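Read through the structure below, which is laid out as structure tokens, and then see the notes.
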Amino acid sequence: MHGRDPRQQQPEPLNNLNANGRYHNRMVAGSNNFNGATVGNVDSAVPCRIARQTVLGQQQARSMNINVPNASSMQQHQQSQHRLSSQGLASAPRRSYHLAAGGGRIRSDNRTNTIQPLTSTPVPMPVPAPAAPAVVRTAPSETSCAPSTSASVMVENTEKRFKEISRKYPLWLPEYKRRAFNASMDEKYVETIWASLKNAIQEIQKKNNSGLSFEQLYRNAYNMVLHKHGNRLYYGLREVVSEHLEHKVRADVLEALHSNFLPKLNQAWTDHQTSMVMIRDILMYMDRVYVQQREVDNVYNLGLILFRDQVVRYSEIQKALREKLLGMVMEERHGEAINHLAIKNACSMLITLGINSRTVYEEDFEKPFLAQSAAFYKFESQNFLAENNAGVYIKKVEARITEESSRAALYLDKDTEPRIVRVVEEELIKKHMRPIVEMENSGVVYMIKNSKTEDLACTYKLFSRLKEEGLKVIADTMSAYLREQGRMLVKEEENGNTNPITFVQNLLDLKDRFDQFLVHSFANDRIFKNVISSDFEHFLNLNNKSPEYLSLFIDDKLKKGGKGMSEQEIESILDKTMVLFRFLLEKDVFERYYKTHLAKRLLLNKSVSDDFEKNMISKLKTECGCQFTSKLEGMFKDMSVSNTIMDEFKNFVNNNNLSLGGVELTVRILTTGFWPTQTATPNCNIPAAPREAFDIFKNFYLNKHSGRQLTLQPQMGTAYINAVFYGRKAAESEKDKDAPSSSSSGCAVPTTTRKHVLQVSTYQMCVLLLFNNRDVLTYDDIHQETDIPERELVRALQSLSMGKPAQRLLVRNSKTKTKDIEPTDEFYVNDAFISKFHRVKIQTVAAKGESEPERKETRGKVDEDRKHEIEAAIVRIMKARKRMAHNLLVSDVTSQLKSRFLPSPVFIKKRIEGLIEREYLQRSPEDRKVYNYLA
């Protein structure tokens with residue numbers, strides 16, 4: 001059976017109905033349509049399906065082969081066209097064809113004639129260009145029939161058969177249309193079609209395309225591809241385009257090599273693009289069929305490749321183009337005006353020639369451009385550094401980066417912008433980071449010293465282009481300077497040049513200064529923020545007195561009679577102090593000192609405000625947790641309970657008509673665990689009158705609360721004394737002529753009696769009451785009489801004799817001019833004392849901190865507290881885990897306690913050993929480095 005050639009395109013069926021309601025065929029070829037009656041004169045009542053014409057002229061029917069006329073029959077058909085047409089379609093006898101069920105034969109109603117299917121040489125039949133013949137609809141019976149012809153049929157049947165052919169191939173079909181239907185094209189005809197296409201392509205390239213018939217050219221290209229001559233068309237096109245580019249375009253560009261080169265090349269490129277678009281439209285069918293089947297470049301891309309290889313990448317043109325583009329960029333860098341559009345078009349051309357790739361652009365322009373730029377800026381950076389300071393250099397670099405970024409955005413490829421910016425950053429910044437920031441008299445340190453906030457901001461902005469690598473260079477330089485400043489402050493304090501308050505204030509000032517840089521110069525950058533915090537933590541903990549000094553500073557700000565600060569200023573200072581507190585590693589040491597200072601403020605009624613005190617405790621609670629502040633909160637509770645007890649005591653005294661010897665006694669009952677009381681009563685001989693009053697209160701309290709014990713803490717008390725100053729008499733003895741002859745205010749010594757109420761500490765009260773019995777006392781005498789601790793006694797005498805002029809109740813007679821009190825120094829009452837206030841508060845000399853013995857004592861107490869905290873943490877962890885290795889246990893304990901202090905592994909190990917001895921833990925028998933918890 002002859003099958004349909006799958007390589008030949010089959011026309012699509014079109015169904016039409018004639019005026020009589022009968023189905024008829026319509027075959028479309030090119031722009032002409034022709035109609036014919038149903039083949040075989042098929043009755044419309046019983047329609048049959050007409051076999052479709054293949055490209056080779058073969059008819060097909062289901063399960064049968066039907067051969068078309070051979071060459072001789074076709075010749076007879078051509079010779080008898082006039083006769084057949086004159087007879088008309090009506091003279092054709094009606095004949096019905098039926099498909100045999102099994103033999104592949106056709107029988108007609110006229111039983112005398114049969115048609116046997118024979119094999120013959122096929123003759124080309126008309127093939128529509130992009131059109132399709134009609135198909136007659138069949139009845140639902142699915143009966144199919146098709147006309148058949150053979151060389152062995154009878155004469156009368158041959159005549160009828162020629163009539164069918166006449167209807168299919170009418171004489172009025174134009175010759176070129178009939179030739180277009182030929183399935184095979186001879187070589188001569190192919191050459192003719194190709195010649196017309198070649199000529200058209202050349203005319204398009206010459207811009208003479210106005211007289212061309214693009215419909216005819218498209219049809220010719222279509223036929224060549226359809227009849228398997230696509231290869232000739234494709235490679236012929238490549239040859240024509242290549243020849244034109246080589247002999248015409250390239251020659252023209254080479255002539256303009258030294259004058260008007262870039263505009264000439266851009267014009268040639270524009271013309272070539274335009275011509276390739278037209279050629280692509282003509283050869284569109286080849287793009288859809290041949291190009292896809294052979295997997296070759298389409299017409300337009302073929303034109304791009306040829307232009308790239310024959311023109312742009314021709315050695316002389318390639319070199320000239322690169323040098324021209326690079327030269328124009330260099331001219332603009334030196335301030336000359338250039339043709340931006342020409343460079344933009346050239347770069348766009350190189351991008352397009354890459355065909356979905358940047359390869360051509362990168363190899364022919366971008367890589368040389370970046371290399372040239374690197375060399376240019378390498379040389380320029382050396383000149384900039386030699387001729388300018390850091391601030392000017394940074395501004396010039398910023399200007400260069402902006403220029404290159406704008407240049408790339410204006411006429412280069414968009415992907416070139418980040419690459420050229422990276423080159424500038426590499427040559428002008430990255431390779432010179434250290435010299436820039438460390439430049440003498442202009443670098444980062446100079447900017448910080450002279451508060452050059454804007455210059456620092458410019459430096460930060462520029463170096464931030466290098467991400468963390470660049471910022472780390474600035475941060476390291478700043479850190480070195482900051483640590484140096486911090487160490488200087490610590491050293492000044494160690495040398496005794498600054499007191500604790502000044503030391504902490506200097507730290508706060510330094511922190512404020514660098515916080516300003518952080519906000520206004522470094523954009524609150526995390527790197528700089530962490531560096532500043534790390535540096536302050538470093539040098540703050542270099543001084544082991546920092547916890548004590550920080551507590552003293554807060555104590556100074558929360559006392560009454562401060563330095564005239566408003567509530568907002570106090571709040572601000574407390575917030576800043578909390579920042580320093582976070583840097584402390586020994587927060588438990590701070591807690592002990594803060595508790596002592598808070599106790600004095602509460603007991604001596606020196607606190608500026610309970611609200612400020614509670615606010616500060618709240619800040620500490622937020623930072624360290626409830627455990628840290630539980631004792632501080634307990635102190636406030638004790639003060640409230642004490643007020644209630646004193647009300648009850650006053651009622652007790654009144655109800656029992658008891659006398660306190662003229663003493664108005666106020667006692668504060670302090671819980672031992674909350675307050676920083678001393679376990680042993682400090683040595684102090686309280687005068688008789690206040691001692692007797694206290695004994696009455698003690699009996700009252702112990703009778704009410706049996707089982708409790710009261711211990712007097714004189715170092716935390718205060719007293720109000722009624723003092724009378726008599727003034728000097730007119731006649732002075734010879735031995736008193738060296739005494740002051742004027743008041744402390746510089747006025748003449750009054751001779752009248754003056755009364756004042758003196759607010760003093762308990763220790764100062766003990767000293768002053770001694771002068772009721774004696775006029776002059778030495779330091780040794782006072783020490784023996786009062787038995788006050790030496791350090792506290794010195795502070796009391798300094799406050800009474802060397803304080804503010806308006807507060808000097810005693811006169812010191814010393815052989816030395818120093819402020820240090822010697823054992824032989826004599827003291828007597830200043831009768832010339834005068835004050836405009838009736839109530840005079842004697843300020844105690846601010847402590848410079850604990851003495852070494854006291855500091856050792858405090859450290860011992862802290863260490864003792866730490867033992868308990870470490871053991872408690874170990875037990876908590878082991879109770880939860882039951883079994884842990886030594887290293888893991890040490891790590892967990894350190895993690896739990898680091899918010900209060902940083903315990904050393906050795907200290908933790910000692911506490912583990914202590915718990916093992918007390919049978920809280922045991923070592924594992926299998927591994928000595930593993931501990932088990934004992935319930």
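Residue numbers (full-length UniProt numbering): 1 to 935.
Using N, Cα and C, we set each Cβ at its ideal position, and we do this for glycine too.
Being a predicted model, the structure only gives us computed values, none of them experimental.
On the criterion of 16 or more Cβ atoms from any shown chain inside 10 Å, does Ser924 qualify as buried, or is it exposed? Label assigned to Ser924: exposed.
Determine, using beta carbons only, whether Ala719 and Val760 come nearer to each other than 7 Å. Contact flag set, yes.
3-residue-minimum beta strand (DSSP E) runs that sit fully inside the segment 821–888, ordered along the chain: Within the segment 821–888, the complete beta strand (DSSP E) runs of at least 3 residues are 826–829, 839–841, 883–885.
Buried or exposed: where does His597 fall if 16 or more other Cβ atoms within 10 Å of its Cβ makes it buried? Buried: at least 16 other Cβ atoms inside 10 Å.
Within a Cβ cutoff of 8 Å, which residues of the same chain sit near Ile912, ignoring the five residues on either side of it in sequence? Ile874, His886, Leu889, Leu921, Tyr931.
Is the CB-CB distance between Phe581 and Glu537 below 7 Å? In this structure, Glu537 does not lie closer than 7 Å to Phe581 by Cβ.
Bridge partner(s) assigned by DSSP for Lys755: Looking at the DSSP output, Lys755 bridges to Val724.
Cβ-Cβ distance between Thr477 and Val519 below 7 Å: Going by C-beta atoms, Thr477 is not nearer than 7 Å to Val519.
Which term fits Asn830, buried or exposed, when burial requires 16 or more other beta carbons within 10 angstroms of its beta carbon? Around the Cβ of Asn830, a 10 Å sphere holds 16 or more other Cβ atoms; the residue is buried.
Would you say the segment 832–839 touches the segment 813–824, given that touching needs at least three Cβ pairs under 8 Å? In short, these stretches do not touch, since the Cβ pair count stays below three.
Do you know how far the Cα of Pro690 is from the Cα of Asn651? Each residue's alpha carbon lies about 19 Å from the other.
Measuring only the C-alpha atoms, how far is Val299 from Asn266? Straight across, the Cα-Cα distance linking Val299 with Asn266 is about 21 Å.
For the segment 506–543, which segments carrying the alpha helix (DSSP H) assignment without a break, of at least 4 residues, lie completely within its bounds, in sequence order? Listed in chain order, they are 526–540.
Simplified DSSP state of residue 936, which is helix, strand or coil: Because residue 936 is not part of the residues shown, which for the chain are 1 to 935, the question remains open.
Can you tell me whether Ala375 is buried or exposed? The criterion is at least 16 other CB atoms within 10 Å of its CB, across all chains shown. The residue in question, Ala375, is exposed, as its Cβ has fewer than 16 Cβ neighbours within 10 Å.
Please report how far the alpha carbon of Glu380 lies from the alpha carbon of Thr274, in whole angstroms. Going from the Cα of Glu380 to the Cα of Thr274 covers about 44 Å.
Where does Ala251 land, buried or exposed, given buried means 16+ other C-beta within 10 angstroms? So Ala251 ends up on the exposed side.
Same chain, Cβ closer than 6 Å to Arg83, neighbours up to 5 away in sequence not counted: At Arg83, the pLDDT of 41 sits below 50, so the modelled position is not reliable and the matter cannot be decided from this model.
Arg774 versus Glu785: straight-line alpha-carbon distance, rounded: Rounded to the nearest whole angstrom, the CA to CA distance from Arg774 to Glu785 is 12 Å.
Inter-residue spacing [alpha-carbon to alpha-carbon] between Leu552 and Gln896: Each residue's alpha carbon lies about 28 Å from the other.
Can you list, in chain order, the residues of its chain with a C-beta nearer than 6 Å to that of Ile788? Leave out the 5 residues immediately preceding and following it. So the list reads Cys684, Tyr763, once near-sequence residues are dropped.
Are the beta-carbon atoms belonging to Val421 and Ser405 less than 7 Å from one another? Yes. Within cutoff.
Asp588 versus Gly327, Lys264, Pro903, residue with shortest Cα-Cα distance: If you compare the alpha carbons of Gly327, Lys264, Pro903 with that of Asp588, the shortest gap goes to Pro903.
Starting from Val811, follow the beta strand (DSSP E) in both directions and report where the run begins and ends. Run containing Val811: 810–813, per the beta strand (DSSP E) assignment.
Quick check on Asp455: buried or exposed, where buried means 16 or more other Cβ atoms within 10 Å of its Cβ? Here Asp455 is buried. Its C-beta has 16 or more other C-beta atoms within 10 Å.
Of all the beta strand (DSSP E) runs that stay within the bounds of the segment 563–621, which reach a length of 3 or more residues? If we require 3 residues or more, the segment 563–621 turns out to have no beta strand (DSSP E) run fully inside it.
If you draw a straight line from the C-alpha of Lys367 to the C-alpha of Asp509, how long is it? Answer to the nearest angstrom: the Cα atoms are 53 Å apart.
Restricting to Cα atoms, I'd like to know which of Asn699, Glu623, Ile645 is closest to Met658. One point to set straight first is that residue 658 is Leu, not Met, in the sequence displayed. For Leu658, the closest of Asn699, Glu623, Ile645 by C-alpha to C-alpha distance is Asn699.
Secondary structure at Leu350, three-state DSSP: helix, strand or coil? If DSSP states are grouped into helix, strand and coil, Leu350 belongs with the helices.
Would you call Val531 buried or exposed, if buried means 16 or more other Cβ atoms sit within 10 Å of its Cβ? Burial call: buried.
Roughly how far, in whole angstroms, is the beta-carbon of Leu197 from the beta-carbon of Ser242, given that I think they are within contact range, below 8 Å? The C-beta separation of Leu197 from Ser242 comes to about 16 Å, leaving the pair out of contact by the 8 Å criterion.
Rounded to the nearest angstrom, what separates Met716 and Phe725 at their Cα positions? Roughly 28 Å between the two C-alpha positions.
Rounded to a whole number of angstroms, what is the C-alpha to C-alpha distance between Lys898 and Thr577? Each residue's alpha carbon lies about 20 Å from the other.
Where DSSP assigns a beta bridge to Tyr290, which residues make up the other side? For Tyr290, DSSP assigns no beta-bridge partner whatsoever.
Given Leu585, which residues of its chain have a CB within under 6 Å of its CB, disregarding the five upstream and five downstream residues? For Leu585, the CB contacts under 6 Å within the same chain, skipping 5 residues up- and downstream, are Asn541, Leu902 in chain order.
Output needed for Leu466: all residues of its chain with C-beta closer than 7 Å, excluding positions within five of it in sequence on either side, in chain order. Hits under 7 Å: Glu425, Ile429, Lys430.
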